[in-house]
Amino acid sequence: MTTGEGQHIDVSMAQTMLYVNEHTQSELFEGEVSENVIRSFQPGDYPILTVGDGRDVLISGHPAEAGTFNLLVDALGRPDLLEDPRFVDVASRKRNIGALLDIIRADK
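What the sequence shown shows, in the numbering used here, is residues -12 to 95, in sequence order.
Take a look at the structure:
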């Protein structure tokens, strides 16, 4: 029976392991982890987002984390978010994660 759906997924295991292990590397070193870095594996911390063409995507990085947030701001073309008091730092973005995700999801 033909469904028209693919049966093969081409995944780079080396790249996958690199992304998965970036979070565990902080455990290999002694000392404090920067407050700008979020190391969490809670289910809601890496939301599935529907993009403009209807595809569902998963961001490999917490939306409130400094690096990921800056990439999202660029991708959305929303430099104003950098000045928004709700999103000025990681702690503020974590407190306002619902509003941040609403903004990301609304951009279609």
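Glycine included, C-beta positions come from ideal geometry on N, C-alpha and C.
As the structure is a prediction and not an experimental result, all values here were calculated from the model.
In the pairwise beta carbon analysis, the region 47 to 56 is classified as touching the region 67 to 77: at least three pairs are separated by under 8 Å. Closest in alpha carbon position to alanine 86, among Ala51, Ala62, Asp(-3), is Ala51.
Secondary-structure assignment with DSSP links aspartate 71 through no beta bridge to anything. In this structure, aspartate 43 keeps its C-beta atom at 7 Å or more from the C-beta atom of leucine 63.
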